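Number 331 marks the last residue of the sequence shown (the UniProt record's numbering); no jumps. All C-beta atoms in this analysis are idealised placements derived from N, C-alpha and C, irrespective of residue type, glycine included. It should be emphasised that the depicted structure is a prediction, and the values quoted were computed from it without experimental measurement. What follows is a short report on a single structure.
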Amino acid sequence: MDAGKRVNCADYLIAPHRFVSQAPSPAERASAPIDLRRVRRLFSDPARVAESGFLRREVAGRMFERLELIRTAPALVLDAGCGEGADLPLLRQRFGEARLLGLDASAAMLGAARASQDAALSSVNRLLRRFLPRAANAPGVNADLVCGDFANLPLAAVSADLIWSNLALHWHPQPHQVFQEWRRVLRVDGLLMFSCFGPDTFRELREAWAGIDGAPHTLPFVDMHDFGDMLVDAGFATPVMDMETITVTYADADRLLADVRAWGGNPLATRSRGLLGRAAHARLRAALDAGRRPDGKLPLTFEIVYGHAFRPVPKTTAAGESIIRFDRPKK
1 MDAGKRVNCA DYLIAPHRFV SQAPSPAERA SAPIDLRRVR RLFSDPARVA
51 ESGFLRREVA GRMFERLELI RTAPALVLDA GCGEGADLPL LRQRFGEARL
101 LGLDASAAML GAARASQDAA LSSVNRLLRR FLPRAANAPG VNADLVCGDF
151 ANLPLAAVSA DLIWSNLALH WHPQPHQVFQ EWRRVLRVDG LLMFSCFGPD
201 TFRELREAWA GIDGAPHTLP FVDMHDFGDM LVDAGFATPV MDMETITVTY
251 ADADRLLADV RAWGGNPLAT RSRGLLGRAA HARLRAALDA GRRPDGKLPL
301 TFEIVYGHAF RPVPKTTAAG ESIIRFDRPK K
């Protein structure tokens with residue numbers, strides 16, 4: 001798969017009719033035995049998670065570059081999986097009049113987001129009181145923060161105009177259900193824009209573990225084509241998927257492993273429950289060291305999957321009646 005390859009899912013979803021035997025559906029291929037309680041525990045230490053924030057900020061910047069190409073003026077923006085809230089100021093800057101809602105499954109991460117928002121608000125107001133007294137108590141980021149599950153949003157149907165999700169979807173065991181829920185809350189012509197890890201992520205770590213034991217140590221990240229299929233199945237219109245590879249380098253294996261833990265570690269329910277012994281840890285470090293590049297650095301690959309899609313105009317009414325639209329002739 002070439003880095004930067006862009007795929008319009010409408011192109012590859014059209015295929016000749018043929019009999020298909022017992023092949024797993026995209027949803028079945030994408031579902032993983034992820035322990036959501038462990039995910040929340042792994043993200044319960046915002047200070048540790050913050051060490052991996054540089055990649056989220058880089059990916060957020062690339063998502064905003066894609067967003068610039070799309071004309072949208074949302075009234076309600078949902079940041080699904082907002083974490084410590086680092087994307088909320090950027091969304092506020094981009095959509096100054098919109099209502100912002102940040103949602104995350106980790107109460108600890110939301111606490112960090114709230115503290116960051118309060119600190120930013122205090123700084124803004126201090127400056128305003130000094131130079132523009134009448135503008136004191138300005139709203140700042142002013143985002144509502146809610147603890148909740150992607151697949152069970154505390155939002156009414158057709159209430160959001162933009163759902164934004166940066167490097168969060170891969171932590172949910174059933175992304176197809178998440179897409180169905182996101183479509184439920186989006187208004188007609190509402191935009192979904194997300195990023196997540198793809199199958200090549202942590203490739204070097206998986207290869208190192210393969211020579212040590214057969215236990216799963218990383219998530220089986222979903223291929224972008226399967227995400228495209230799931231979006232279509234969930235009722236989104238002509239989703240567009242693309243991917244790119246980002247390689248982060250390290251001076252030593254311990255720093256690499258610390259960052260992997262900061263990115264969420266191993267939340268699989270099928271993971272080994274025992275502690276890693278000294279001998280196994282030494283073998284892991286040696287296996288990683290064997291992959292050093294000519295410049296002496298240890299590489300760690302991240303496949304970043306990007307997707308966006310719209311909720312289309314319905315073709316039938318709630319009663320199942322067809323909707324036929326006529327365009328007025330141009331004068």
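Looking at the DSSP output, I163 bridges to L78 and L192. In this structure, D104 is the residue among D104, D259, R311 and L300 with its C-alpha nearest to the C-alpha of A143. Boundaries cannot be given for D45, as no beta strand (DSSP E) includes it and DSSP labels it neither H nor E.
I163 counts as buried, since at least 16 other C-beta atoms from the protein chains shown sit within 10 angstroms of its C-beta. Inclusion of P173 and L55 in the CB contact set at 9 Å is not warranted, their separation being larger than that value. Apart from sequence neighbours up to five positions away, the residues of its chain that approach L256 with a beta-carbon distance below 6 Å are Y250, L298 and L300, ordered along the chain. In terms of CA proximity to T247, I304 leads the group P220, T238, I304 and A115. A157 sits in coil when the DSSP states are folded into three classes, being neither helix nor strand. In the structure shown, the three-state DSSP call for V248 is strand. For R187, the closest of A160, E204 and G228 by C-alpha to C-alpha distance is A160.
In the displayed model, D118 falls within a helix according to three-state DSSP. For the pair F194 and R311, the CB atoms are not nearer than the 9 Å cut-off. Going by DSSP, V146 is part of the beta strand (DSSP E) stretching over A143 to C147.
One Cα belongs to P89, the other to F95, and the distance between them is close to 10 Å. Inter-residue distance for D254 and A280 is about 14 Å (C-alpha atoms, whole angstroms). Secondary structure of F150 (DSSP, three-state): coil. For G102, there is no enclosing alpha helix (DSSP H); the residue is found in the beta strand (DSSP E) stretching over R99 to D104. Per DSSP, reduced to three states, the secondary structure at P199 is coil, with no helix or strand assignment.
The count of Cβ pairs closer than 8 Å, one atom from the stretch 70–85 and one from the stretch 99–115, reaches three, so the stretches are in contact. Nearest to A157 by C-alpha distance, out of C147, L192, Q177 and R183, is R183. Here T301 is bridged, per DSSP, to T247. Under the DSSP definition of a beta bridge, L284 lacks any partner. Counting of Cβ neighbours within 10 angstroms places E51 among the exposed residues, the total staying below 16. A distance of 9 Å or more separates the beta carbons of F302 and D223. Per DSSP, E58 is one residue of the alpha helix (DSSP H) stretching across G53 to L67. P46 counts as buried, since at least 16 other C-beta atoms from the protein chains shown sit within 10 angstroms of its C-beta. The criterion of a C-beta distance shorter than 9 Å is not satisfied by Y306 and R57. In terms of Cα proximity to A258, the closest of L153, G53 and A113 is G53. Nearest to F227 by C-alpha distance, out of E84, V240 and V260, is V240. Ranked by Cα distance from A60, the options A282, G85, H217 and V141 are led by G85. L169 is bridged by DSSP to nothing; it lacks a bridge partner. In this structure, M230 keeps its C-beta atom at 9 Å or more from the C-beta atom of H170. Shortest Cα-Cα distance from A290 to any of C196, L205 and L155 involves L205.
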